[in-house]
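K.L.:
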């Protein structure tokens with residue numbers, strides 16, 4: 066059996082997903098909000114509204130379209146931001162939706178999961194995290 | 238457990254007599270236990286207070302003040318970041334009342350809510366709270382989310 070150890074244990078109380086409190090920062094502005102850990106998402110995707118609160122000129126970022134499981138296209142723009150959560154601090158590209166209305170902020174593989182050692186016991190509502198160095 | 242009112246009064250007095258820093262520690266520990274166990278939520282508050290107070294007092298006497306459980310919200314000890322636990326608890330308890338709206342929270346205090354994110358954010362900034370939690374609450378009848 067592998068022997069795993071983690072720096073952070075987080076018990077989530079949300080019943081609709083693995084909701085993680087975080088602070089996202091850009092250009093000296095910061096917003097406290099939440100994101101959902103999503104191993105099925107290729108990247109971190111945040112709502113247009115959060116980008117606006119950070120004062121980001123969203124459409125000035127790197128354009129990228131995502132294909133949701135339900136079909137269609139989600140147009141986004143990537144920006145380098147800082148995400149702080151549970152005493153872990155990451156500098157990552159986050160893609161902000163072109164249009165308002167995205168229900169959730171997603172913490173996906175690129176920019177989040179790929180920078181962590183991540184353990185999950187959903188039965189116990191517990192995630193285990195360490196930052197990869 | 239048949240605990241009498243005078244005993245409970247004594248527990249409350251003991252808790253209220255603690256220095257502010259230890260009162261905060263006491264409440265944090267109760268919250269951590271509640272977050273870790275749904276059954277803990279159903280127990281009478283004074284019972285939980287009594288147990289936590291006993292543990293805290295024992296640790297103060299022995300000079301050990303580190304939390305006995307891993308703190309899930311590591312920002313709890315950070316002087317710079319607000320502890321997100323009260324806001325997360327508020328979201329857990331009140332989401333059904335504010336479906337389809339943005340909310341701004343200062344800990345467990347609702348600063349503003351409404352369908353327009355920027356208006357809610359502006360209200361939170363006007364309130365002056367440090368780094369309020371800004372969150373969209375999905376409508377209660379929203380379909381399960383799959384991106």
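Residue numbers (our numbering), protein chains in the order written: chain L, 66 to 198; chain S, 238 to 384.
Cβ atoms here follow ideal geometry from the backbone N, Cα and C, with glycine treated the same way.
It should be emphasised that the depicted structure is a prediction, and the values quoted were computed from it without experimental measurement.
Can you list, in chain order, the residues of its chain whose CB lies under 6 Å from that of residue 94 (chain L), leaving out five sequence neighbours each side?
P.N.:
These residues qualify, in order along the chain: 119 and 120.
K.L.:
In angstroms with no decimal places, state the Cα-to-Cα distance between residue 111 (chain L) and residue 171 (chain L).
P.N.:
Taking the straight line joining both Cα atoms gives about 6 Å.
K.L.:
Residues of the stretch 111-145 of chain L in Cβ contact with chain S at a cutoff of 9 Å, in chain order, please.
P.N.:
If the cut-off is 9 Å between Cβ atoms, the stretch 111-145 of chain L has 112, 113, 114, 115, 117, 118, 131, 133, 134, 135 and 139 near chain S.
K.L.:
State the Cα-Cα distance for the pair residue 264 (chain S) and residue 175 (chain L), rounded to the nearest angstrom.
P.N.:
When rounded, the distance between both Cα atoms is 37 Å.
K.L.:
Would you decide whether residue 192 (chain L) is buried or exposed? Buried here means 16 or more other CB atoms lie within 10 Å of its CB.
P.N.:
The residue in question, residue 192 (chain L), is buried, as its Cβ has 16 or more Cβ neighbours within 10 Å.
K.L.:
Counting only Cβ pairs nearer than 8 Å, list the residues of chain L close to residue 375 (chain S).
P.N.:
Those are 81, 168 and 169, listed as they occur along chain L.
K.L.:
Touching or not, the stretch 124-141 of chain L and the stretch 370-379 of chain S, by the rule of three or more beta carbon pairs under 8 Å?
P.N.:
No, the stretch 124-141 of chain L does not touch the stretch 370-379 of chain S.
K.L.:
Looking at the unbroken beta strand (DSSP E) that takes in residue 321 (chain S), where does it start and where does it end?
P.N.:
Per DSSP, residue 321 (chain S) belongs to no beta strand (DSSP E) and is neither H nor E.
K.L.:
Is residue 355 (chain S) close to chain L, meaning its C-beta is less than 8 Å from at least one C-beta of that chain?
P.N.:
So yes, residue 355 (chain S) belongs to the interface.
K.L.:
Figure out for me which residue from L:141, L:67 and L:82 has the closest Cα to the Cα of residue 204 (chain L).
P.N.:
Chain L is shown only over 66 to 198; residue 204 (chain L) falls outside these bounds and no answer can be derived.
K.L.:
Which chain S residues are close to residue 96 (chain L), counting only those with a beta carbon under 7 Å from its beta carbon?
P.N.:
Going along chain S in sequence order, the residues near residue 96 (chain L) (Cβ under 7 Å) are 371.
K.L.:
Taking 8 Å as the threshold, find out whether the stretch 352-360 of chain S comes into contact with the stretch 323-336 of chain S through three or more Cβ pairs.
P.N.:
Segments in contact, no.
K.L.:
Grab me the residues of residue 156 (chain L)'s own chain with a C-beta within less than 6 Å of its C-beta, minus the 5 sequence neighbours each way, in chain order.
P.N.:
Answer for residue 156 (chain L): 147, listed in chain order.
K.L.:
Which residues in the same chain as residue 288 (chain S) place their Cβ atom closer than 8 Å to its Cβ, once the five residues preceding and following it in sequence are excluded?
P.N.:
The answer is none, since no qualifying residue turns up.
K.L.:
Name the residue from S:327, S:342, S:253 and S:252 whose alpha carbon lies nearest to the alpha carbon of residue 366 (chain S).
P.N.:
Answer by Cα proximity: S:342.
K.L.:
Which partner residues does residue 339 (chain S) have in the DSSP bridge list?
P.N.:
Bridge partners of residue 339 (chain S): S:351 and S:373.
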